[in-house]
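Here this note's numbering is used: position 204 in the sequence shown is 210, and no number is missing along the way. Yeah, the Cβ is synthetic: ideal placement off N, Cα and C, and Gly gets one too.
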Amino acid sequence: GIGGQPQQQPAETQSPAAQNGKDYNQALMYFTQDEFQIAEAAAERIFPADDAGAGAKELGVAFFIDHQLAGGYGTNSRDYMLPPFYKAEAYQGYQLAFKRRELISLGLAALNDYSNDKYQKTFTKLAPEEQDAVLAAFEANEVELKGVPAATFFNMFRTLTIEGVYSDPLYGGNKNMNGWRMRSFPGNQMSYFDVIDKEEFVKYEPLSLSDHLST
Numbered sequence: 007g008i009g010g011q012p013q014q015q016p017a018e019t020q021s022p023a024a025q026n027g028k029d030y031n032q033a034l035m036y037f038t039q040d041e042f043q044i045a046e047a048a049a050e051r052i053f054p055a056d057d058a059g060a061g062a063k064e065l066g067v068a069f070f071i072d073h074q075l076a077g078g079y080g081t082n083s084r085d086y087m088l089p090p091f092y093k094a095e096a097y098q099g100y101q102l103a104f105k106r107r108e109l110i111s112l113g114l115a116a117l118n119d120y121s122n123d124k125y126q127k128t129f130t131k132l133a134p135e136e137q138d139a140v141l142a143a144f145e146a147n148e149v150e151l152k153g154v155p156a157a158t159f160f161n162m163f164r165t166l167t168i169e170g171v172y173s174d175p176l177y178g179g180n181k182n183m184n185g186w187r188m189r190s191f192p193g194n195q196m197s198y199f200d201v202i203d204k205e206e207f208v209k210y211e212p213l214s215l216s217d218h219l220s221t
């Protein structure tokens, strides 16, 4: 270097997220804070933490649901949503005039209303067994949801919860790939060439889509 000083290598820098351990993927895009808290509590009862590992709350499932509702899935961007509306058969799939995000918001509000009527407490303040009873009532279609079967909301929310547990962390859930670890699922490996002929089970440390970014 100039003046005979040794040339220093630039220090290796990290992103702010890496420096402070913050996960910037865990941010709300659609839910209000109240909706998020109800969704988080309901998802935890559908997929609770136990001896096998983390539950929906720790895995960030409510963030996954929020992100899905904020995008094309939540707005039914690929579905025909204009009248006239006819009674649909079950095999035709989702046929409601509501957008998916509207149905989930409606259902979360109904969870609160039903909890207040039955227990005089909001859903998030209920004991776990009370939350289970509320969700069971929705699953059994015992609640009226502005003309929409409550089970339609419950089944969609349950499906989103399971998807959030096992989707790639890129989408907001399955935090630290711990959902995959509970199932010994390898995630997105580049190749299985070295183990494809082995008879015994080979356990991989899972990889996310983000692990394949070139540096």
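Taking all protein chains shown into account, do 16 or more other C-beta atoms lie within 10 angstroms of the C-beta of residue 72, making it buried, or fewer, making it exposed? Counting from 1 along the sequence shown, the entry for residue 72 is found at position 66. Residue 72 is buried by the Cβ-count criterion.
Which of helix, strand or coil DSSP assigns to residue 15: Position 9 of the sequence shown, counted from the start, is the residue given in the question as residue 15. Per-residue confidence for residue 15 stands at a pLDDT of 48, beneath the threshold of 50, marking its modelled position as unreliable; no derived number is given.
Helix or strand or just coil, what does DSSP make of residue 213? The residue given as residue 213 occupies position 207 in the sequence shown. Under the three-state reduction of DSSP, residue 213 is assigned to strand.
Count the other CB atoms within 10 Å of the CB of residue 167; is the residue buried (16 or more) or exposed (fewer)? On the sequence shown, residue 167 is found 161 positions in, with the first residue counted as 1. It is buried - the Cβ of residue 167 has at least 16 other Cβ atoms within 10 Å.
Per DSSP, what are the beta-bridge partners of residue 77 in this structure? For the purposes of this step, residue 77 is taken as residue 71 along the sequence shown, with counting starting at 1. Its beta-bridge partners do not exist; DSSP assigns none.
Where residue 153 sits in the DSSP three-state scheme: As a working note, residue 153 is residue 147 in the sequence shown. If DSSP states are grouped into helix, strand and coil, residue 153 belongs with coil.
Residue 124, enclosing alpha helix (DSSP H) - first and last residue: Locating residue 124 in the sequence shown gives position 118, counting from the first residue. 106 to 125 is the extent of the alpha helix (DSSP H) around residue 124.
Residue 215 versus residue 174: straight-line alpha-carbon distance, rounded: Your numbering for residue 215 matches position 209 in the sequence shown. Your numbering for residue 174 matches position 168 in the sequence shown. Each residue's alpha carbon lies about 7 Å from the other.
For the structure I just gave you, are there three or more beta carbon pairs, one from the stretch 62 to 80 and one from the stretch 31 to 41, closer than 8 Å? The stretch 62 to 80, when compared against the stretch 31 to 41, does touch it at the 8 Å Cβ threshold.
Who pairs with residue 56 in a beta bridge, going by DSSP? Here residue 56 refers to the residue found at position 50 of the sequence shown. Paired residues: 59.
For residue 66, which three-state DSSP category applies? By one-based count along the sequence shown, residue 66 stands at place 60. In the structure shown, residue 66 sits in coil (DSSP, three-state: anything other than H, G, I, E or B).
Is residue 193 helix, strand or coil by DSSP? Numbered from its first residue, the sequence shown carries residue 193 at position 187. Residue 193 falls in the strand class under three-state DSSP.
Residue range of the alpha helix (DSSP H) that includes residue 141: The count along the sequence shown starts at 1 and reaches residue 141 at position 135. Residues 134 to 145.
Where does residue 29 fall in DSSP's three states? What you label residue 29 is simply residue 23 of the sequence shown in a count that begins at 1. When DSSP states are grouped into helix, strand and coil, residue 29 belongs to the coil group.
Cα separation between residue 62 and residue 83? Residue numbering aside, residue 62 sits at position 56 when the sequence shown is read from its first letter. Residue numbering aside, residue 83 sits at position 77 when the sequence shown is read from its first letter. Approximately 27 Å between the Cα atoms of the pair.
Residue 143 to residue 165, Cα distance in whole Å? Taking the sequence shown and counting its residues from 1, one reaches residue 143 at position 137. Taking the sequence shown and counting its residues from 1, one reaches residue 165 at position 159. Cα to Cα, residue 143 sits roughly 17 Å from residue 165.
Alpha carbon to alpha carbon, how far is residue 187 from residue 163? Give it in angstroms, no decimals. Taking the sequence shown and counting its residues from 1, the one referred to as residue 163 is at position 157. Taking the sequence shown and counting its residues from 1, the one referred to as residue 187 is at position 181. For residue 163 and residue 187, the distance between alpha carbons rounds to 23 Å.
At the level of alpha carbons, what is the spacing between residue 127 and residue 117? Sequence index remark: in the sequence shown, residue 127 carries index 121 (1-based). Sequence index remark: in the sequence shown, residue 117 carries index 111 (1-based). Rounded to the nearest angstrom, the gap between the Cα atoms of residue 127 and residue 117 is 11 Å.
Helix, strand or coil at residue 176 [DSSP, three-state]: Stepping through the sequence shown from its first residue, residue 176 is reached at position 170. Helix, per DSSP.
Between which residues of its own chain and residue 148 is the CB-CB distance below 8 Å, once the five residues before and five after are set aside? Position 142 of the sequence shown, counted from the first residue, corresponds to residue 148. So the list reads 156, once near-sequence residues are dropped.
Who are the Cβ neighbours of residue 171 in its own chain at under 7 Å, not counting the five residues just before and after it? Along the sequence shown, read from residue 1 onward, the residue named residue 171 stands at position 165. 53, 62, 65, 67, 179, 180, 185.
Taking only the alpha-carbon atoms, compute the straight-line gap between residue 23 and residue 77 and give it to the nearest angstrom. The residue labelled residue 23 in the question sits at position 17 within the sequence shown. The residue labelled residue 77 in the question sits at position 71 within the sequence shown. Note that residue 23 scores a pLDDT of 47, beneath 50, so its modelled location is shaky; the value from the coordinates is reported in the next line. When rounded, the distance between both Cα atoms is 24 Å.
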